[in-house]
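Visitor: Before anything else, here's the structure in question.
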Ligand SMILES: Cc1cc2nc3c(=O)[nH]c(=O)nc-3n(C[C@H](O)[C@H](O)[C@H](O)COP(=O)(O)OP(=O)(O)OC[C@H]3O[C@@H](n4cnc5c(N)ncnc54)[C@H](O)[C@@H]3O)c2cc1C
Ligand code: FES
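Chains as they are written, first to last, in this note's numbering: chain E, 324 to 428; chain D, 398 to 801.
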């Protein structure tokens with residue numbers, strides 16, 4: 324089973340099983356990470372699902388869309404490794420993905 | 398004795414009240430009672446991805462079932478509250494059982510407004526509020542079929558877009574002289590009318606639906622201008638009515654919504670209300686308003702939770718909303734008013750631009766179309782009451798961030 328390693332805003336690290344075919348946002352939300360508000364439910368409209376992906380893993384992800392970049396880059400806590408977790412489709416190939424939940428905007 | 402809180406309505410707001418209370422270590426009992434068969438789910442995809450077959454029903458749940466167990470949130474689904482006895486602090490339920498509460502939250506949402514016209518009860522005539530509504534509509538949307546939508550609000554327009562992408566023939570009737578008339582600037586209405594027309598939607602403004610005919614199932618729609626249209630499905634998307642009967646019968650103050658103050662408190666000190674059903678004071682609007690959005694349901698529910706915890710915080714969040722139609726992403730923040738000055742930022746012909754609404758020189762609202770980088774900075778500018786230089790603000794080369 325493919326795993327995601329999650330670091331919360333308070334620095335707690337845990338490992339969850341990812342459902343292939345679901346977005347990383349859905350997996351985090353369904354595993355009880357309530358720091359992920361995901362108000363727009365994954366339609367790339369709110370940026371409340373902002374995470375940092377480990378830098379050395381960024382190239383494992385499909386490229387960011389222009390919309391995602393435009394939205395996430397306008398948040399206060401944007402970094403080069405910023406992604407909107409609702410825009411990352413999880414798959415077995417992403418086993419071991421490390422994400423850190425970004426501070427609230 | 399531990400306090401017992403009951404939440405009426407298992408939707409976006411009801412869930413958020415419970416979730417926030419548990420996040421803040423509320424130790425009382427929580428019971429959420431909902432008349433739908435489901436635990437809280439997302440409605441926005443019902444007129445978007447779900448209709449297009451992109452989002453299956455099982456992905457609409459706001460939280461997995463385990464969440465409610467883990468957080469000790471008791472849920473009764475498929476049961477309606479039929480009466481509130483405020484003196485005894487007791488509820489009557491549709492299964493004839495009773496429940497007592499110490500504190501109560503009304504998160505009853507709203508329901509689709511219907512029309513009293515001949516033929517409204519025919520098969521194939523639908524509103525869109527629940528998962529069941531959406532499933533029935535999805536079922537009837539087969540390529541080559543003819544759909545008539547009454548109402549050019551967000552739901553009507555989103556359904557039109559989804560239906561066109563499925564190869565369905567769409568006519569949209571709007572009784573006003575423009576679509577989205579209640580919530581959007583005329584510029585935005587005009588832009589969306591053009592987009593829908595270019596996608597093949599037959600938009601008829603200043604036209605209402607007069608009657609519907611068919612043998613058991615809808616076959617024909619008659620418009621207020623006398624025109625008649627062949628139809629396989631009709632969707633009535635003419636707005637919603639707040640679910641306030643319970644509150645009204647219990648003698649709470651209501652007026653097109655349960656009246657609450659900025660702490661989500663009703664006229665009864667033990668009862669709160671949040672979400673689509675609540676009319677509240679909103680500084681962005683400059684008066685009492687009832688909002689129908691996920692943001693409002695979530696933030697007002699949080700506000701109710703803080704009041705219940707005894708740490709009240711006024712509801713001051715900037716309202717925002719989104720809508721997806723075709724490849725257009727619309728985001729709106731703030732509340733537009735008719736007397737606002739509207740600045741166009743960017744060229745609508747490029748299908749990437751924003752509309753800024755200034756009130757006394759300060760940014761009061763924004764609509765962004767495929768222009769996501771303007772949205773969050775604008776929300777902050779609205780919150781700050783920032784005054785913008787109109788020439789600079791209309792230049793898309795200057796990031797809105799720079800005005801912060
Ligand atoms: C098709 C559609 C698309 C939408 N798209 C968007 C969008 O893109 N963006 C956005 O921000 N918003 C959108 N909305 C609006 C948003 O979904 C609502 O504003 C939000 O759901 C309101 O939450 P609520 O908890 O107040 O009400 P609801 O989610 O409606 O929940 C209220 C619940 O209470 C139940 N209830 C009512 N009376 C009783 C009773 N007496 N006893 C027990 N239960 C009762 C109702 O059946 C319902 O389940 C959309 C809505 C629809 C229908
Ligand atoms: S959930 Fe809203 S942008 Fe990801």
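Note that beta-carbon positions come from the ideal geometry of N, C-alpha and C, so glycine has one too.
Residues bridged to residue 375 of chain E by DSSP?
Guide: Answer by DSSP bridge pairing, in chain order: E:405 and E:423.
Visitor: With a threshold of 7 angstroms (Cβ to nearest heavy atom), would residue 526 of chain D be considered close to ligand 1?
Guide: At least one heavy atom of ligand 1 is nearer than 7 angstroms to the Cβ of residue 526 of chain D, so yes.
Visitor: Specify which residues have a beta carbon nearer than 7 angstroms to any heavy atom of ligand 4, listing them in chain order.
Guide: Summarising the ligand content, the structure contains ligand 1 and ligand 2 and does not contain ligand 4.
Visitor: Provide the residue span of the alpha helix (DSSP H) that contains residue 811 of chain D, from first to last.
Guide: No answer is possible for residue 811 of chain D: the residues shown for chain D start at 398 and end at 801.
Visitor: Run the CB neighbour count on residue 731 of chain D, radius 10 Å, all protein chains shown included, and call it buried at 16 or more, exposed below.
Guide: Buried, because 16 or more other Cβ atoms sit within 10 Å of the Cβ of residue 731 of chain D.
Visitor: Taking residue 522 of chain D as the reference, give the member of D:634, D:713 and D:490 with the closest Cα.
Guide: Answer by Cα proximity: D:634.
Visitor: Shortest alpha-carbon distance to residue 479 of chain D belongs to which of D:699, D:658 and D:405?
Guide: Nearest of D:699, D:658 and D:405 to residue 479 of chain D, Cα basis: D:405.
Visitor: When the cut-off is 8 angstroms and only beta carbons count, does residue 408 of chain E lie next to chain D?
Guide: No, its Cβ sits nowhere closer than 8 angstroms to a Cβ of chain D.
Visitor: Can you pull out the residues from the segment 682–699 of chain D whose beta carbon lies closer than 8 angstroms to at least one beta carbon of chain E?
Guide: Within the segment 682–699 of chain D, the residues whose Cβ lies closer than 8 angstroms to some Cβ of chain E are 691, 692 and 695, listed in chain order.
Visitor: Where does the unbroken alpha helix (DSSP H) through residue 594 of chain D begin, and where does it stop?
Guide: That run of the alpha helix (DSSP H) goes 583–595.
Visitor: For residue 400 of chain E, count the other beta carbons within 10 Å of its own beta carbon; 16 or more makes it buried, fewer makes it exposed. Which is it?
Guide: Flag for residue 400 of chain E reads exposed.
Visitor: Would you call the CB atoms of residue 376 of chain E and residue 404 of chain E closer than 8 angstroms?
Guide: Against a cut-off of 8 angstroms, the Cβ pair of residue 404 of chain E and residue 376 of chain E comes out as a contact.
Visitor: My output table needs one value for residue 403 of chain D: the three-state DSSP class, helix, strand or coil.
Guide: Looking at residue 403 of chain D - three-state DSSP - the assignment turns out to be strand.
Visitor: Please state whether DSSP places residue 335 of chain E in a helix, a strand or coil.
Guide: Residue state, collapsed to three classes: coil.
Visitor: Measure the alpha-carbon distance for residue 427 of chain E versus residue 371 of chain E and round it to whole angstroms.
Guide: Residue 427 of chain E and residue 371 of chain E: Cα-Cα distance of roughly 7 angstroms.
Visitor: Residue range of the alpha helix (DSSP H) that residue 516 of chain D falls in?
Guide: Unbroken run through residue 516 of chain D: none, as it is neither H nor E.
Visitor: Kindly say whether residue 334 of chain E, judged by its beta-carbon, lies nearer than 8 angstroms to any beta-carbon of chain D.
Guide: No, because no Cβ of chain D sits closer than 8 angstroms to the Cβ of residue 334 of chain E.
Visitor: Since residue 728 of chain D meets chain E, which of its residues come closer than 7 angstroms, beta carbon to beta carbon?
Guide: Those within 7 angstroms of residue 728 of chain D in chain E are 368.
Visitor: CA-CA distance, residue 434 of chain D and residue 440 of chain D?
Guide: Distance between the alpha carbons of residue 434 of chain D and residue 440 of chain D: 14 angstroms.
Visitor: Identify whether residue 757 of chain D lies in helix, strand or coil by the three-state DSSP scheme.
Guide: In the structure shown, residue 757 of chain D sits in coil (DSSP, three-state: anything other than H, G, I, E or B).
Visitor: Less than 8 angstroms between CB atoms is the rule here; does residue 363 of chain E satisfy it with respect to chain D?
Guide: By this cut-off, residue 363 of chain E is an interface position.
Visitor: Is residue 731 of chain D near ligand 1 - that is, is its Cβ less than 7 angstroms away from at least one heavy atom of it?
Guide: For ligand 1, not one heavy atom lies less than 7 angstroms from the Cβ of residue 731 of chain D.
Visitor: Cβ of residue 439 of chain D less than 8 angstroms from any chain B Cβ?
Guide: The structure shown contains no chain B; the protein chains it does contain are E and D.
Visitor: From this set, D:504, D:691 and D:611, which residue's C-alpha is nearest residue 362 of chain E's C-alpha?
Guide: For the residues D:504, D:691 and D:611, the minimum Cα distance to residue 362 of chain E belongs to D:691.
Visitor: Just the C-alpha distance for residue 567 of chain D and residue 687 of chain D, rounded to the nearest angstrom, thanks.
Guide: Roughly 30 angstroms separates the two Cα atoms.
Visitor: Quick one: list the residues of chain E neighbouring residue 456 of chain D, beta-carbon separation under 8 angstroms, in chain order.
Guide: By Cβ distance, chain E contributes 345 and 349.
Visitor: Looking at the C-beta of residue 710 of chain D, does it have a partner C-beta in chain E at a distance below 8 angstroms?
Guide: So no, residue 710 of chain D is outside the interface.
Visitor: Please check the pair residue 485 of chain D and residue 428 of chain D, which I expect to be a contact at CB under 8 angstroms, by giving their CB distance rounded to whole angstroms.
Guide: Contact doesn't hold; Cβ gap of about 17 angstroms is too wide.
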